[in-house]
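Step one of this worksheet: look at the structure below.
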Amino acid sequence: MIRILKLLPANFGIPIIVVQHRSKDERTLLEEVLQQKCKVTIKQADEKEMIQPGTVYFAPPDYHLLIENDGSFSLSCDAPVNYSRPSIDVLFETAAEVYKERLLAIILTGANKDGSNGIKKIATMGGTTIAQSLETADYREMPQAAINTGFVQLVLTPEAIGQFLLDTMKN
133 MIRILKLLPA NFGIPIIVVQ HRSKDERTLL EEVLQQKCKV TIKQADEKEM IQPGTVYFAP
193 PDYHLLIEND GSFSLSCDAP VNYSRPSIDV LFETAAEVYK ERLLAIILTG ANKDGSNGIK
253 KIATMGGTTI AQSLETADYR EMPQAAINTG FVQLVLTPEA IGQFLLDTMK N
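FYI, in this note's numbering the residues of the sequence shown are 133 to 303.
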């Protein structure tokens with residue numbers, strides 16, 4: 133992820149929302165460490181917070197992160213999905229309903245199948261779907277599961293994903 137985020141300029145005009153599977157009991161400095169290495173603003177998403185361009189939001193540990201129709205976040209303590217809370221599928225499925233063809237979804241390295249159902253919904257709604265190339269993934273199961281759906285449009289290295297994001301912002 134750092135290989136992608138460090139390529140983005142401070143004035144990157146697109147919001148990025150990240151779900152990373154983390155334990156609710158684990159104290160992490162992920163956002164702080166990334167902020168030191170990246171130019172874009174990095175923070176944990178808050179309930180009812182309006183999504184802003186140029187910000188990278190992380191789902192809080194032990195909460196599903198949803199996108200509301202007004203462009204704000206909501207947090208949920210509903211049961212885990214794909215053994216995960218937060219779940220990528222929960223984010224992707226709600227984001228697909230709101231952003232439709234304007235949504236770009238990326239599945240990176242991971243050790244379960246979370247995100248695959250959301251990839252299908254995003255592609256069906258006209259959004260763009262990308263998976264990390266298997267040879268660059270530390271854990272291949274997540275990008276492989278997404279690719280296996282048949283709904284992933286591009287398979288790219290992290291550096292190529294970063295360039296794709298920069299090109300998307302320019303267009």
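The C-beta atom is built at its ideal place from N, Cα and C for all residues, glycine as well.
Simplified DSSP state of residue i, which is helix, strand or coil
{"i": "Met301", "result": "helix"}
{"i": "Leu223", "result": "helix"}
{"i": "Ser248", "result": "helix"}
{"i": "Ile136", "result": "helix"}
{"i": "Ile148", "result": "strand"}
{"i": "Ala228", "result": "helix"}
{"i": "Ile183", "result": "coil"}
{"i": "Ala243", "result": "coil"}
{"i": "Ala237", "result": "strand"}
Residue i burial status per 10 Å Cβ neighbour count (16 or more: buried)
{"i": "Leu266", "result": "exposed"}
{"i": "Ser216", "result": "buried"}
{"i": "Val165", "result": "exposed"}
{"i": "Glu225", "result": "buried"}
{"i": "Met182", "result": "exposed"}
{"i": "Ile134", "result": "exposed"}
{"i": "Gln264", "result": "buried"}
{"i": "Leu235", "result": "buried"}
CB of residue i within 7 Å of CB of residue j, strictly
{"i": "Lys108", "j": "Gly258", "result": "Nothing about residue 108 can be read from this structure; the chain reaches only from 133 to 303."}
{"i": "Ile304", "j": "Leu288", "result": "Nothing can be reported for residue 304, as the shown portion of the chain is limited to 133 through 303."}
{"i": "Ala269", "j": "Ile254", "result": "no"}
{"i": "Cys170", "j": "Leu198", "result": "no"}
{"i": "Ala191", "j": "Val222", "result": "no"}
{"i": "Val213", "j": "Ile148", "result": "no"}
{"i": "Gly294", "j": "Leu139", "result": "yes"}
{"i": "Ser248", "j": "Ala277", "result": "yes"}
{"i": "Leu206", "j": "Glu200", "result": "Reading off the sequence, residue 206 comes out as Ser, not Leu. Going by C-beta atoms, Ser206 is nearer than 7 Å to Glu200."}
Give the list of continuous alpha helix (DSSP H) stretches no shorter than 4 residues that lie fully inside the region 150-180. 162-169
Three or more C-beta pairs under 8 Å: does that hold for the region 161-181 against the region 237-252? no
Inside the region 256-289 only - alpha helix (DSSP H) runs reaching at least 4 residues: 273-280
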